[in-house]
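What follows is a single structure, written as structure tokens, with notes after it.
2 protein chains.
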Amino acid sequence: MSDPDNVQPIPCGQMGSPVLIERQIYSQLLNMILNLQQLLGDHFKQLASVRLRCTSLEEQKNLKAIHEQEEIISSSMCQMASLLLSKAVSGLRPQESLVSLGSRGDIADGQRAPSTRQLDQLVPQERDFEATFLTRVLSNRGVDISLLYDSSFRDYEAYQKDKYHEENNTLGFLNLSLSENKLCLDLITDRLCQSDMNNVEEVLLQYPNWRGQPFLREEVARFLTYYCKAPAPLDPENVVVLNGCCSVFSALAMVLCDPGEALLIPAPFYGGFTFISRLYAKVELIPVYLESEITYKRTQPFQLTVDKLEQALYEARCKGKDVKGLVLINPHNPLGDVYSQNSLMRYLRFAKRYDLHVIVDEIYMLSVFDKTIKFCSVLSIEGLPDPKRTHMIWGTSKDFGISGFRFGALYTYNKEVASAMSSFGYLHSISGITQYKLCRLLQDREWIDRVYLPANHSRLQEAHDYITKKLKSLDIDFLDRGSGLYVWINLKKFIYPCTFEEELTLHRNFLDAKLMLSRGKSYMCKEPGWFRITFAENPARLKQAMDRFCQVLEKQKYDCLAKQLEEAQME
Amino acid sequence: MSDPDNVQPIPCGQMGSPVLIERQIYSQLLNMILNLQQLLGDHFKQLASVRLRCTSLEEQKNLKAIHEQEEIISSSMCQMASLLLSKAVSGLRPQESLVSLGSRGDIADGQRAPSTRQLDQLVPQERDFEATFLTRVLSNRGVDISLLYDSSFRDYEAYQKDKYHEENNTLGFLNLSLSENKLCLDLITDRLCQSDMNNVEEVLLQYPNWRGQPFLREEVARFLTYYCKAPAPLDPENVVVLNGCCSVFSALAMVLCDPGEALLIPAPFYGGFTFISRLYAKVELIPVYLESEITYKRTQPFQLTVDKLEQALYEARCKGKDVKGLVLINPHNPLGDVYSQNSLMRYLRFAKRYDLHVIVDEIYMLSVFDKTIKFCSVLSIEGLPDPKRTHMIWGTSKDFGISGFRFGALYTYNKEVASAMSSFGYLHSISGITQYKLCRLLQDREWIDRVYLPANHSRLQEAHDYITKKLKSLDIDFLDRGSGLYVWINLKKFIYPCTFEEELTLHRNFLDAKLMLSRGKSYMCKEPGWFRITFAENPARLKQAMDRFCQVLEKQKYDCLAKQLEEAQME
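Here the protein sequences come in this chain order: A and B.
Sequential numbering of the first sequence, starting at 0, is according to numbering that gives the first Met the number 0.
Sequential numbering of the second sequence, starting at 0, is according to numbering that gives the first Met the number 0.
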């Protein structure tokens, strides 16, 4: 999945705080009251027109009484609105309100704090709002979506407009933030240029099967059966193909959860999920916080344990969250962890105990380059604890380095889920000619097994060796894993004091040096100072990027020392 | 909902004093709301007495609208009270109560029948549901979406599985329901097979610009400037490219309207809008009913007039609907009407008067095959009444017969709207290689103007001549227009009694004969008996389909007579 880096954490994501939850409820109530006010306003206007027509004395008397009622009602409404306003905005910091997605319509969404827009509406002079409403073009949610997008993709848009190029733009952005595999572009381009790829027959040009063209779903089923080592052939009817894994995740969240319901997800986690879960699904992602410290014997940094899952579920339920499922990323993004079959089974049994769905994102499954690591797909497991609630996502963006193809597939053991997912093909389908090319690509096992995967793995290993050697030489801690396109690194020692604010400052310093990295905060990491750095970039660019990296850190180190010295002198 | 056995009880210890305080505030709010309910109840009673005295028709109409408002207000009050009650009592578990209430959108959305789930909630025995919920896999909206999809696409799915084929499946479905142009497949296939179409350079394989690749947006701007006869070159920054016009419409509805708000749309109208407006946007489409009868001089059947727009807007507002815009389809689907510049200006000025957005769907703009008709794009108009609220949609599905490409473009004069629309590219983008092909296609004016369009128009005209001759020979009324891929026909005389039930029966009889047509009801036509029949099918298949059509009608005619005879004998 792609990387909208810098996705701001949902304010309520740091939930925990009952105050925030209460505030959200107040703002929801406030929305309801505002709606009610609107309704009543219209109602009274309508009455006024009737009133004009009533002329008899008795009628006039009646109407006077009605008018008095109106006034009492209106004043009562204002009182309520005012009370709710004071409760909803108490202690709300401006940037929180900016990021929040809530709109008047989103009553059912428990995640939201009131948006700027909503707060605007609350300023007392009602007439002013009408003026505001008249000149406004976007809907409330339109404004919110715009703000969310801007906060999530600002850096990405800057990068799109100013990409590094060896000849034309040597001062452009080098992007080690985006998780894209650029090491095998030569191979994939060669393959895609072969003549068998081009087919424009009628069926590809016309309206498709919304679940994905049958020929592609059949191929995906065969492909996953083979590469996931499924115990029995997978069923094409359980495959749903949409335009990207993010679309699959979004649609899955829609059909498994109602607005305001929640999914557990070990944190840090891929930041794009935050954006997706908010755009349409309005599903809350509850982080199961993992820590860098090794707390138990035979565990490793950021290890996911069933205890942590149990604890997170318990706390979520105490807060009244309706948790519907668990999201696992395997191989993990950004940690690079690959779950053993035993671990995976423990997580699955945990989910089964609480009737939770499990969504396993295996988008990096063929990017395990360390030969000593055995990847275990959830589709390989015989006797799954709860097959009807087990759903797996895969796509070609990472493993084949073709994120521009916008291809994502769901495999679910639940026909009802597969069927409900079809509805989304109408708005998330892939062009027929692209579906054809994907089918040809997945079909070509000979090329995948003999040419592509061996080359891809050895190039990933080489780039990984390069970057980890570099990190070691800089004395930077990192998780040494053998999968994915990135390394999870610890830059705490370059941040002083070690806060998320200073993490952001460092991030901005990288940007100033035209280098993009992903910071831990956008992955909901609990501890400040962590970054994800992509190494699947061509060697020359990677070297160039690492030079910029070193320069920034050099200066950063100096600044930290200076700050500490200043503090020492103050004391 | 989750398994009650597994729900952790709320630990009493955690019910600290803040929770208690919150609960008190909820109780206070609840009291206020209960008072308000009382006041409103009295108010409504009072009104009822006034109502008895109003006798004129217009007064009655006004009062009916007021009564409807009362109902909305009451229901809104009940929701608030119920939410507050749950909060005051429990203090916790906000999500549950929120979800069960539905959003403002659901209340105000007149199109939406209560979901299975909402109805469930109203039945008293809560325990029963919990049992039901336990076995439930899909979310409530998942169930709703599934049902909506099934009702919208059941026939289409049947067709996908059993398509007619000259050699392999002569008993398969012939589809004159789908609006697809199959008359120029030879030309488009030839063009797409040319070598300039195949490009797999790096930028096409990687993450795109979410608003659409700049090279494609530039080409779309040039293309529209030329074919829409824009008075000045259109700006690529005002173009947004997504995977299909339906995605564009859905995203536009999201950023212009909040859930439950409404758009006016002359009916009959393209049925897909109904599905789209409900899947994500939750926007209500309010039909501006057009009638087959000619009611004024110098008008034609199903003519849209400003009076009708005014009337529909007035009635909608009386019902408390928040109307944000007007949707126009030009050339019209299913009527085939092409609006004159004068008409178009009248509609635009109407919208301007009420600060309504205008979304003009011009997806058939190059499918005006009658040379005597002058198509006037909204982008050709100098001095638009309200450019900031004028948005135009176009795509290649119809005019180039490549619906499988999933390409739709928005042109808006409003940068804020264009910017907000970018957010949707993340979940609705087109593969890079397809964007490239589209760009090449739109670029090739020589081919479009000299080869494609002349051939397309003459083939459409020919097929139109064939079908209208056939219809005349069957003495079937139809709208004789010179645009689009279909004819709007009147089959009233084959339906007895002329009801929507019998329209459906006829539709099913066509299906039994393996012939698909679109019935008026699915286009929100007010009068039963109308069908849309696509003629842009290859001649042999079209003839075959029309044979089936005649056979069904022959039998239908006989059945109608038999029914009438039976009735006569009964009397």
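Idealized CB from N, CA, C, for every residue including glycine.
Listed in chain order, the alpha helix (DSSP H) elements of length 4 or more contained wholly in the stretch 410-485 of chain A are 414-421, 424-427, 431-442 and 452-472.
Residues of chain A with a Cβ closer than 8 Å to the Cβ of Pro538 of chain B do not exist; the shortest Cβ-Cβ separation is about 16 Å. Interface criterion not met: the Cβ of Ser276 of chain B is under 8 Å from no Cβ in chain A. Between Phe274 of chain A and Ser151 of chain A the beta-carbon gap is near 5 Å, inside 8 Å, which marks them as a contact. Take the alpha-carbon of Phe374 of chain A and the one of Val337 of chain A: they are about 6 Å apart. Bounds of the alpha helix (DSSP H) holding Thr273 of chain A are Gly271 to Ile275. Every unbroken stretch of the beta strand (DSSP E) spanning 3 or more residues and falling wholly within the stretch 485-532 of chain A is given here in chain order: 485-489.
When the alpha-carbon of Leu334 of chain B is set against those of B:Ser428, B:Phe349, B:Pro538 and B:Glu290, the nearest one is in B:Glu290. Cβ neighbours of Leu170 of chain A within its own chain (closer than 7 Å, five residues either side excluded): Lys513. The beta carbon of Thr533 of chain A lies closer than 6 Å to those of Leu175, Ser178, Leu484 and Tyr485 in the same chain, with the five residues before and after it left out.
Counting other Cβ atoms within 10 Å of its Cβ, Gly382 of chain B stays below 16 and is therefore classed as exposed. Closest in alpha carbon position to Val326 of chain B, among B:Glu361, B:Gln340, B:Gln299 and B:Asp306, is B:Glu361. Arg348 of chain A and Ala454 of chain A have their alpha carbons spaced roughly 37 Å apart. About 11 Å separates the beta carbon of Leu263 of chain A from that of Leu303 of chain A, a gap too long to meet the 8 Å contact definition. For Leu137 of chain A, at least one C-beta of chain B is nearer than 8 Å to its own C-beta. Sequence-distant Cβ neighbours of Gly271 of chain B in its own chain, meaning closer than 7 Å and more than five residues away, are Cys245.
Annotation for Glu283 of chain B: the continuous beta strand (DSSP E) segment containing it runs Glu283 to Tyr288. A direct Cα-to-Cα measurement between Pro300 of chain B and Asn332 of chain B gives close to 14 Å. Contact annotation for Val254 of chain A against chain B: Leu137, Ser138, Arg140, Gly141, Ile144 and Ser145 [CB-CB distance below 8 Å, chain order].
Nearest C-alpha to Phe406 of chain B among B:Lys414, B:Asn413, B:Tyr412 and B:Lys397: B:Lys397.
The stretch 494-507 of chain B and the stretch 377-395 of chain B do not touch, with fewer than three beta-carbon pairs separated by less than 8 Å.
Around the beta-carbon of Cys256 of chain B, 16 or more other beta-carbon atoms lie within 10 Å, marking it buried. When the five nearest sequence neighbours on each side are left out, the beta carbons in the same chain lying within less than 7 Å of the beta carbon of Lys181 of chain B are those of Gly400, Ala535, Glu536 and Asn537, in order along the chain.
What Val219 of chain A touches in chain B, judged by beta-carbon distance under 8 Å, is nothing: the nearest beta carbon there is about 16 Å away.
Residues of the stretch 427-439 of chain B whose Cβ lies closer than 8 Å to any Cβ of chain A, in chain order: His427, Ser428, Ile429, Ser430, Gly431, Ile432, Thr433 and Lys436. Listed along chain B, the residues sitting closer than 7 Å to Pro207 of chain A by beta-carbon distance are Gly403. In the three-state reduction of the DSSP assignment, Gly319 of chain A falls in the coil class, being assigned neither a helical nor a strand state. Put simply, the backbone Cα of Leu184 of chain B is about 7 Å away from that of Glu201 of chain A. Spanning the alpha carbons of Leu284 of chain A and Gly259 of chain A requires a straight line of approximately 10 Å. For Arg352 of chain B, the closest of B:Tyr148, B:Cys497, B:Ser482 and B:Gly324 by C-alpha to C-alpha distance is B:Gly324. Look at Glu415 of chain B: its C-beta is under 8 Å from a C-beta on chain A. A distance below 7 Å between beta-carbons, with the five flanking residues on each side excluded, links Val282 of chain B to the following residues of its chain, in chain order: Ala252, Cys256, Glu260, Ala261, Leu262 and Ser276.
Annotated three-state conformation of Ile358 of chain A is strand, per DSSP. Take Trp209 of chain B, set aside five residues on each side of it, and the residues of its chain with a beta-carbon closer than 7 Å to its own are Ser421, Gly424, Tyr425 and Ser428, in chain order.
Annotation: the continuous beta strand (DSSP E) that includes Pro265 of chain A extends over Ala261 to Ala266. Residue contact with chain A for His42 of chain B: present (Cβ-Cβ distance below 8 Å to some residue of chain A).
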